[in-house]
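Participant: Sequential numbering of the sequence shown, starting at 480, is according to the numbering used here.
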Amino acid sequence: MFKNVPPVLARLVVLCLCFAVTTPAAFAQSQATSGNIEGRVLDPNGAVVPNASVAAKNKDTGLEKTATTDADGNYRIILLPPGNYTVRTSGLAGFQNTTLDNVPVSVGGATTLDISLSVGGTETIIDVPSEAPLVETTRASVSTTVNERSVENLPVSGRNYLDFATLTPGVVRDPTRLGDLSVGGQKGTLNNLQVDGTDNNNSFFGQAFGRTGVRPPYQFSEESVKEFQVNQNGFSAEFGRAGGAVINVVTKSGTNEFHGGLFEYFRDES
Numbered sequence: 480m481f482k483n484v485p486p487v488l489a490r491l492v493v494l495c496l497c498f499a500v501t502t503p504a505a506f507a508q509s510q511a512t513s514g515n516i517e518g519r520v521l522d523p524n525g526a527v528v529p530n531a532s533v534a535a536k537n538k539d540t541g542l543e544k545t546a547t548t549d550a551d552g553n554y555r556i557i558l559l560p561p562g563n564y565t566v567r568t569s570g571l572a573g574f575q576n577t578t579l580d581n582v583p584v585s586v587g588g589a590t591t592l593d594i595s596l597s598v599g600g601t602e603t604i605i606d607v608p609s610e611a612p613l614v615e616t617t618r619a620s621v622s623t624t625v626n627e628r629s630v631e632n633l634p635v636s637g638r639n640y641l642d643f644a645t646l647t648p649g650v651v652r653d654p655t656r657l658g659d660l661s662v663g664g665q666k667g668t669l670n671n672l673q674v675d676g677t678d679n680n681n682s683f684f685g686q687a688f689g690r691t692g693v694r695p696p697y698q699f700s701e702e703s704v705k706e707f708q709v710n711q712n713g714f715s716a717e718f719g720r721a722g723g724a725v726i727n728v729v730t731k732s733g734t735n736e737f738h739g740g741l742f743e744y745f746r747d748e749s
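1. Mind pulling the beta strand (DSSP E) runs of 3 or more residues that sit fully within the region 620 to 667?
2. Just mark R567 as buried or exposed, buried being the case when its beta carbon has 16 or more other beta carbons within 10 Å.
3. In angstroms, rounded to a whole number, what distance separates the CA positions of S597 and G541?
4. Which class does L542 belong to by DSSP, given the choice of helix, strand or coil?
5. Just tell me which of P634, A526, V520, P560 has its CA closest to the CA of K538.
6. Buried or exposed for P648, going by 16 or more other Cβ atoms inside 10 Å?
7. With C-beta atoms as the reference, is V584 less than 9 Å away from G562?
8. Just verifying my parser: in three-state terms, what is the DSSP assignment at A511?
9. Which full runs of the beta strand (DSSP E) of 3+ residues lie inside the region 514 to 573, going along the chain?
10. Any chance the region 719 to 730 sits against the region 661 to 673, with 3 or more Cβ pairs inside 8 Å?
11. Excluding the five sequence neighbours on either side, which residues of its own chain have a C-beta within less than 6 Å of the C-beta of D522, listed in chain order?
12. Is the region 510 to 517 in contact with the region 571 to 589, if contact means three or more CB pairs nearer than 8 Å?
13. Buried or exposed for V674, please, with buried defined as at least 16 other CB atoms from any protein chain shown within 10 angstroms of its CB.
14. Just reading off the beta strand (DSSP E) that D593 is part of, what are its end residues?
15. Using CA atoms only, rank isn't needed, just tell me which of E701, A511, L741, L571 is closest to L558.
16. What residues match up with A687 in a beta bridge as DSSP calls it?
17. CB G587 to CB N679, shorter than 9 Å?
18. Determine the contact status of A687 and L646, defining contact as a CB-CB distance below 9 Å.
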C-alpha cells in the first residue's frame, strides 16, 4: 500500500488513521463517565439573555468549564465529572454576577439549571439543594442513579456494590442463575457492566465481573465506588451491547485536599 510513499509520509498517514479511529471511542467513553449542566439564562422579566458567560467549577478538584448562551438564552456545559459544582455568570453589563453553589452532577445525567439574573452591581449567591433531581424531564431513557451517599451509608452483605442495583425498580437477584442481576425479567447475561467507561464483563460467560455464584468473582472494593447509574431501556447512543440493562459505574478520583477512607468488615458466623 505504501510501496512508493516516503516513509515519513506513510507514518503520518498511519498516525492520522489511528487518531480518526480512536477519537470517537474516547469521546463516547468520556460521555459515559460524566454529566452535563444545561438550562437558560433569564433577565428579571423572564426574557432570555444571549451571549451570557456561564462557568461551572468542581468544588473538589477545581476543574472549570465555561459555555456561552445562544440566541435563545440556552447554555450547555458538557463532560463534567460527577460531583458538586459552583455555577457562575459573569461579564453581563447591567446585571449582577450570579453564583449558584452546590449544583449536583451525576454520572450519565443532565442537571437542568435555569439562572435568573438581577439588575444591579453586586453579586447574588444562591445555594442549590445538593441532591440531583429524581426524574430527568429532558430525556426519554429509564435510568436510576445510586449516589455516593447511598453507597457509603447503606448496609450490604459482602460489600458488593452491585447489590445496590436492586434498589432500583425492576432489578432483582436471580437465584436460578446463581445470583445474576435480572432486570425487567431478562437474563443477567444480557446486561452490560461498564466501569469508568470500560467494559467489565466476562467475555467467555457473558456475565459481569463481581457477580455471585460458583465462579470466583473479580470485584474492586465498595470503598472505591463513587456512584453508578442503572439504565434499563431507551439509553443513549454511547451505551449498547445490552438487551437487559447498562450499569454504568464511576470510581472515586483525587481532590485538591488530602483525604482517605477507613472501614472494618466483620460478619458474625455464629
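The beta carbon of each residue, even a glycine, is placed where N, CA and C say it ideally should be.
Computed from a predicted model, the values in this text were never measured in an experiment.
Facilitator: Taking the definition as stated:
1. 621 to 625, 650 to 653, 659 to 662
2. Along the sequence shown, read from residue 1 onward, the residue named residue 567 stands at position 88. Flag for R567 reads buried.
3. Along the sequence shown, read from residue 1 onward, the residue named residue 597 stands at position 118. Along the sequence shown, read from residue 1 onward, the residue named residue 541 stands at position 62. Approximately 27 Å, taken between the alpha carbons.
4. Within the sequence shown, the letter at position 63 stands for residue 542. Three-state result, L542: coil.
5. Within the sequence shown, the letter at position 59 stands for residue 538. Ranking the options by Cα distance to K538, first place goes to P560.
6. Within the sequence shown, the letter at position 169 stands for residue 648. Flag for P648 reads exposed.
7. On the sequence shown, position 105 is the one that residue 584 refers to. On the sequence shown, position 83 is the one that residue 562 refers to. Cβ atoms of V584 and G562: closer than 9 Å.
8. The count along the sequence shown starts at 1 and reaches residue 511 at position 32. Three-state result, A511: helix.
9. 514 to 521, 532 to 537, 543 to 547, 553 to 559, 562 to 569
10. yes
11. In the sequence shown, counting from the first residue as 1, residue 522 sits at position 43. So the qualifying residues of the chain are V528, L596.
12. yes
13. In the sequence shown, the residue the question calls residue 674 occupies position 195. Under this definition V674 is a buried residue.
14. Mapped onto the sequence shown, residue 593 falls at position 114. Taken as a continuous stretch (DSSP letters only), D593 belongs to no beta strand (DSSP E), as it is neither H nor E.
15. Residue 558 sits at position 79 when you count from the first residue of the sequence shown. It is A511.
16. Your numbering for residue 687 matches position 208 in the sequence shown. Paired residues: N680.
17. As a position in the sequence shown, residue 587 is number 108, starting the count at 1. As a position in the sequence shown, residue 679 is number 200, starting the count at 1. For G587 and N679, no; Cβs fall outside 9 Å.
18. Sequence index remark: in the sequence shown, residue 687 carries index 208 (1-based). Sequence index remark: in the sequence shown, residue 646 carries index 167 (1-based). Not a contact, by the Cβ cut-off of 9 Å.
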